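In my numbering, the protein residues as written are 22 to 534.
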Ligand SMILES: [Zn+2]
């Protein structure tokens with residue numbers, strides 16, 4: 022009787038858990054028992070692994086044991102999912118059967134799917150999986166060549182990427198060496214669209230800067246060609262770069278969607294930008310659904326921007342599915358045997374045409390007011406209420422596109438002002454012993470509490486709007502948050518009456534008269 026064990030990783034959300042794969046191989050009296058028995062709650066995918074492992078071994082001139090095989094995945098309570106355990110399963114069985122020596126696998130984690138031809142295939146989530154393996158003290162990763170670059174992002178991990186099972190067996194015997202994979206050479210930083218390309222729209226530029234400084238959600242309303250998409254795409258260019266920890270967190274989410282497979286992988290160091298189409302399903306937006314769970318567009322936009330153009334065209338339940346994650350900053354997906362969470366702290370940018378006919382020149386529109394109103398009311402009130410600021414974009418006259426060069430400030434200086442304002446806010450909340458960093462994170466009641474309440478003379482504009490029922494209580498809180506951000510950009514110790522008025526106008530999307 023032979024016994025062996027190896028390690029692989031199971032991912033629950035972005036959390037990797039080391040799974041021990043044990044196999045014992047023994048001669049059995051009855052032919053009928055010459056099957057593989059698996060325990061430890063492997064799901065159907067792991068059961069299918071048996072088929073792939075048998076074929077991969079046969080096509081690599083390796084014979085599957087002609088004996089009884091018992092396999093156990095532990096800890097048993099884990100929902101072992103995915104095909105990433107294929108390689109560990111094959112190697113553990115071969116080692117248990119004394120077909121190959123296992124001493125070179127000391128401290129190794131095996132993470133690859135097996136093709137029927139014996140090739141090692143890529144798996145999603147290699148980065149978060151190997152981060153967990155490294156934390157658990159494993160020092161060598163054996164992965165597919167398509168995951169090698171990504172695996173090499175984990176500091177202190179020796180990455181070996183054999184093409185197929187035969188190459189790995191030769192290495193286990195010490196007959197061949199494998200060159201450790203190295204991190205990809207740093208390519209030129211990805212080009213993020215710059216504000217210098219944007220002509221006109223001085224109000225919208227200002228709003229974009231304020232949104233970036235406070236992390237506020239925004240709503241852009243304007244005819245086609247007014248520059249809604251151009252504005253939203255340029256928001257990442259004025260957001261601060263990601264810290265090391267944030268870069269790993271964001272890259273891990275993108276890794277779970279297999280975004281680096283086969284290509285060179287680098288940590289994502291800038292705020293991501295996701296622009297899903299309005300035909301997207303709820304599963305694709307928030308993640309989950311049947312079968313393999315993975316992060317949706319919302320989680321992929323974590324620490325960056327989620328841009329939803331033509332907001333009234335989205336299905337209402339899909340839009341409403343955003344409400345809870347926008348409040349909590351995470352997506353929660355309930356499964357039969359696990360609850361999976363993905364972080365999802367995003368800046369939401371909703372955009373809409375003012376009416377369904379979407380004319381490029383406003384006076385071409387013949388839609389009655391009632392149709393326009395009905396069109397915009399497709400976006401639910403509770404979602405709109407969670408948006409801090411609204412910009413009504415006029416259509417850009419051709420003369421402005423040609424002549425308005427003076428307005429075309431590039432992103433660099435704007436990003437500096439945004440960073441300064443963010444620092445001021447973070448320092449203020451930290452000094453007061455609060456946990457918030459961005460003004461958008463401060464709960465409304467806190468801003469209305471005695472500690473942070475502004476004098477009545479300062480908040481008069483907002484107070485009057487509330488009394489006149491032109492804004493809701495939630496809207497009032499949003500104005501206070503915006504006012505703090507505008508104050509931070511102006512380097513005021515606390516918002517002034519002018520800051521509150523400017524915030525009220527941004528909240529409503531028009532000048533208060
Ligand atoms: Zn119209």
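Where is the CB? At the ideal position from N, CA and C, for every residue including glycine. From a predicted model like this one, the values you see are computed outputs, not experimental measurements.
| task | Go ahead and pull the three-state DSSP assignment for residue 519. | result | DSSP places residue 519 in helix when its eight states are reduced to three.
| message | Our contact map puts residue 160 next to residue 195 with C-beta atoms below 8 angstroms; I'd like the distance itself, whole angstroms only. | response | Actually they do not touch by this definition, with Cβ atoms about 19 angstroms apart.
| task | Below 8 angstroms on the Cβ atoms is my guess for residue 493 versus residue 522; work out the distance and round it to an integer in Å. | result | The pair is not a contact, with the Cβ atoms about 19 angstroms apart (cut-off 8 angstroms).
| Integer-rounded CB distance, given that residue 205 should sit under 8 angstroms from residue 286 | Indeed they touch by this definition, with Cβ atoms about 6 angstroms apart.
| said: To the nearest angstrom, how far is the alpha carbon of residue 327 from that of residue 297? | reply: Approximately 8 angstroms, taken between the alpha carbons.
| query | Counting Cβ pairs closer than 8 angstroms, one from the region 212-220 and one from the region 247-262, do we hit at least three? | reply | Contact between the region 212-220 and the region 247-262 is present, because at least three Cβ pairs lie under 8 angstroms.
| request: Would you mind working out which of 49, 516, 140, 511 sits nearest residue 468, comparing C-alpha positions? | output: Residue 516 is the option with its Cα nearest to residue 468.
| task | Drop a sphere of 10 angstroms on the beta-carbon of residue 237, count the other beta-carbons inside from all chains shown, and report buried for 16 or more, exposed for fewer. | result | Under this definition residue 237 is a buried residue.
| task | Might you give, ordered along the chain, the residues of its own chain that have their beta carbon closer than 6 angstroms to the beta carbon of residue 457, omitting 5 neighbours on each side? | result | 450, 463, listed in sequence order.
| message | Let me make sure I understand the geometry here. Which of 350, 130, 398, 259 has the alpha-carbon closest to that of residue 31? | response | Nearest C-alpha to residue 31: 130.
| said: With a threshold of 8 angstroms on Cβ separation, who are the neighbours of residue 362 within its own chain once the five nearest residues in sequence on each side are excluded? | reply: Taken in chain order, the residues that qualify are 34, 351, 352, 353, 354.
| said: Just verifying my parser: in three-state terms, what is the DSSP assignment at residue 24? | reply: Annotated three-state conformation of residue 24 is strand, per DSSP.
| field | Run of the alpha helix (DSSP H) containing residue 233, from where it starts to where it stops | value | For residue 233, the uninterrupted alpha helix (DSSP H) segment begins and ends at 223-235.
| message | So, for residue 230: in the same chain, excluding its five sequence neighbours on each side, which residues have a beta-carbon less than 8 angstroms away from its beta-carbon? | response | Hits under 8 angstroms: 259, 435, 438, 439, 510.
| When every heavy atom of ligand 1 is checked, does at least one fall within less than 8 angstroms of the C-beta of residue 390? | Taking 8 angstroms as the cut-off, one finds no heavy atom of ligand 1 near enough to the beta carbon of residue 390.
| query | Do residue 84 and residue 45 have their C-beta atoms closer together than 9 angstroms? | reply | Judged by their CB atoms, residue 84 and residue 45 are not nearer to each other than the 9 angstroms cut-off.
| message | Taking 7 angstroms as the limit between beta carbons, can you name the residues of its chain near residue 406, skipping five residues before and five after? | response | So the list reads 493, 495, 496, once near-sequence residues are dropped.
| field | Beta-carbon separation (whole angstroms), residue 413 vs residue 243, contact threshold 8 angstroms | value | Between residue 243 and residue 413 the Cβ distance is about 7 angstroms, and since that is below 8 angstroms, they are a contact.
| task | Please state whether DSSP places residue 186 in a helix, a strand or coil. | result | The answer is helix: DSSP assigns residue 186 an H, G or I state.
| said: Suppose you measure from the CA of residue 429 to the CA of residue 155; what does that come to, to the nearest Å? | reply: So the two alpha carbons sit approximately 47 angstroms from each other.
| query | Going by Cα to Cα distance, which pick from 157, 164, 151, 158 is closest to residue 108? | reply | Out of 157, 164, 151, 158, 164 has the C-alpha closest to the C-alpha of residue 108.
| request: Taking only the alpha-carbon atoms, compute the straight-line gap between residue 232 and residue 249 and give it to the nearest angstrom. | output: Between residue 232 and residue 249, the C-alpha separation is close to 14 angstroms.
| task | May I ask you to list the residues that DSSP assigns as paired with residue 413? | result | Note: residue 413 is bridge-paired with 242 in the DSSP secondary-structure output.
| request: Check whether the Cβ of residue 506 sits closer than 8 angstroms to any heavy atom of ligand 1, and report yes or no. | output: Residue 506 Cβ: outside cutoff for every heavy atom of ligand 1.
| Any chance the CB of residue 382 is under 8 angstroms from a heavy atom of ligand 1? | No - ligand 1 has no heavy atom lying nearer than 8 angstroms to the Cβ of residue 382.
| request: Kindly provide the ranges of any beta strand (DSSP E) runs that are 3 or more residues long and lie completely inside the region 103-136, ordered along the chain. | output: 129-132, all fully within the region 103-136.
| request: Let me know if residue 149 comes out buried or exposed under the rule of 16 or more other beta-carbons within 10 Å of its beta-carbon. | output: Answer is buried; the Cβ neighbour count reaches 16.
| message | Between which two residues does the beta strand (DSSP E) holding residue 95 run? | response | Counted as a single uninterrupted DSSP element, the beta strand (DSSP E) harbouring residue 95 occupies residues 89-95.
| query | Helix or strand or just coil, what does DSSP make of residue 492? | reply | If DSSP states are grouped into helix, strand and coil, residue 492 belongs with coil.
| Taking the alpha carbon of residue 322 as the point to measure from, which residue in 299, 342, 369 has its own alpha carbon closest? | If we check each option's Cα against that of residue 322, 369 comes out closest.
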